[in-house]
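> Position 39 of the sequence shown, counting from 1, maps to 39 under this note's numbering, and the rest follow consecutively.
Backbone N, C-alpha and C define an ideal beta-carbon position, used for all residues, glycine too.
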Amino acid sequence: MTNYEFDAAYRESGAGLFCGVDEAGRGPLAGPVYAAAVILPPQPEIAGLNDSKKISEKKREALFPVICETALSYAIGTASVEEIDELNILQATFLAMRRAVEGLSVTPAFALIDGNRTPAGIAIPCQTVVKGDALSASIAAASILAKVSRDHYLAELDKQYPEYGFAAHKGYGTPAHYAALRTYGMAPVHRKTFLHGEFPERGKR
1 MTNYEFDAAY RESGAGLFCG VDEAGRGPLA GPVYAAAVIL PPQPEIAGLN DSKKISEKKR
61 EALFPVICET ALSYAIGTAS VEEIDELNIL QATFLAMRRA VEGLSVTPAF ALIDGNRTPA
121 GIAIPCQTVV KGDALSASIA AASILAKVSR DHYLAELDKQ YPEYGFAAHK GYGTPAHYAA
181 LRTYGMAPVH RKTFLHGEFP ERGKR
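Shown next as structure tokens:
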């Protein structure tokens, strides 16, 4: 079964218009968590849609405008570093997902959510799909929009804080990133709860 056939099964069930929802950036040490919601039409099918982690950066970048142009509606939601530290990453991810769904210009009847937990507060019915970004075209599209949008934001952060190398590692805990933290301390864009007080804040050594 292709990911479009997976989505078609939901359409044929008579459940109505639906969106796919996925997130990007739960694991990094820095930057917001992103989510996207996408309503795809049954046609035209977008070739190459898959879990954003399974395709190259070049392919994601190429698919991004195609998804935006093809979708009946799409929206990006985020939760800030401050919200992550205040709420915890799971609840902040749910908040970003809710903001994405609420940002759609078309209100779907329900949402297909990647994963096995339903975000609190989404006003429409939700159906979780484990490994949904590999199974559903709509969720795959959302995963690509979320990932590319976050990567673009981290590239902008790299211009503000070039010493950390955000454009290269996208905020993940690479050896180079930890080395920069030991040298410079935490920037305002770091998630304090992820670093557990291991590093001082910039200027507070």
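Arginine 205 to alanine 15, Cα distance in whole Å?
Within the sequence shown, numbered from 1, the residue matching residue 205 stands at position 205. Within the sequence shown, numbered from 1, the residue matching residue 15 stands at position 15. With a pLDDT of 49 at arginine 205, under the threshold of 50, the modelled position of that residue is not reliable, and the figure given next carries that caveat. Computed Cα separation, rounded: 57 Å.
> What number of angstroms, rounded off, separates the C-alpha of arginine 210 from the C-alpha of tyrosine 74?
This structure does not reach residue 210, given that the chain is present from 1 up to 205, and the question cannot be answered.
> Taking 8 Å as the line, does the beta carbon of alanine 168 fall inside it for any heavy atom of the ligand ATP?
Ligands in the displayed structure: none, and consequently the ligand ATP is not present.
> Rank Lys147, Tyr184, Thr2 and Leu95 by C-alpha distance to the C-alpha of proline 28 and give the top, closest one.
Looking up residue 28 in the sequence shown gives position 28. Minimum Cα distance to proline 28 is reached at Lys147.
> Only counting the same chain, and skipping five residues up and downstream in sequence, which positions put a Cβ closer than 7 Å to that of leucine 157?
By 1-based counting over the sequence shown, the position of residue 157 is 157. So the list reads Gly31, Phe166 and Val189, once near-sequence residues are dropped.
> Checking the sheet assignment: what are the DSSP bridge partners for tyrosine 34?
Reading the sequence shown from its first residue, position 34 is the one you call residue 34. Ala24 and Thr78, per the DSSP bridge assignment.
> Identify, in the order they occur along the chain, each residue of the same chain with its Cβ nearer than 6 Å to the Cβ of phenylalanine 194, setting aside the five sequence neighbours on each side.
Against the sequence shown, residue 194 aligns to sequence position 194. Excluding positions up to five away in sequence, the list reads Leu29.
> Under the three-state reduction of DSSP, which class applies to threonine 128: helix, strand or coil?
Stepping through the sequence shown from its first residue, residue 128 is reached at position 128. Strand.
> Here's a check: name, in chain order, each residue in its chain whose Cβ is nearer than 8 Å to the Cβ of leucine 104, leaving out the five neighbours to either side.
Residue 104 sits at position 104 when you count from the first residue of the sequence shown. Here the set comprises Cys19, Ala37, Ile39, Ser73, Tyr74 and Ala75.
> Are there three or more Cβ pairs, one per stretch, closer than 8 Å when the segment 127-145 is compared with the segment 43-51?
The segment 127-145, when compared against the segment 43-51, does touch it at the 8 Å Cβ threshold.
> Quick one: Cα of arginine 150 to Cα of cysteine 68, how far?
For the purposes of this step, residue 150 is taken as residue 150 along the sequence shown, with counting starting at 1. For the purposes of this step, residue 68 is taken as residue 68 along the sequence shown, with counting starting at 1. Each residue's alpha carbon lies about 15 Å from the other.
> According to DSSP, which residues form a beta bridge with leucine 112?
Here residue 112 is taken as the residue at index 112 of the sequence shown, counted from 1. The partner list for leucine 112 (beta bridge, DSSP) reads Gly20 and Gln127.
> With DSSP as the reference, label serine 13 as helix, strand or coil.
Taking the first residue of the sequence shown as 1, we reach residue 13 at position 13. The answer is coil: DSSP assigns serine 13 none of H, G, I, E or B.
> Measuring straight from C-alpha to C-alpha, what distance separates glutamate 83 and histidine 152?
Translated into positions along the sequence shown, residue 83 becomes position 83. Translated into positions along the sequence shown, residue 152 becomes position 152. Distance between the alpha carbons of glutamate 83 and histidine 152: 20 Å.
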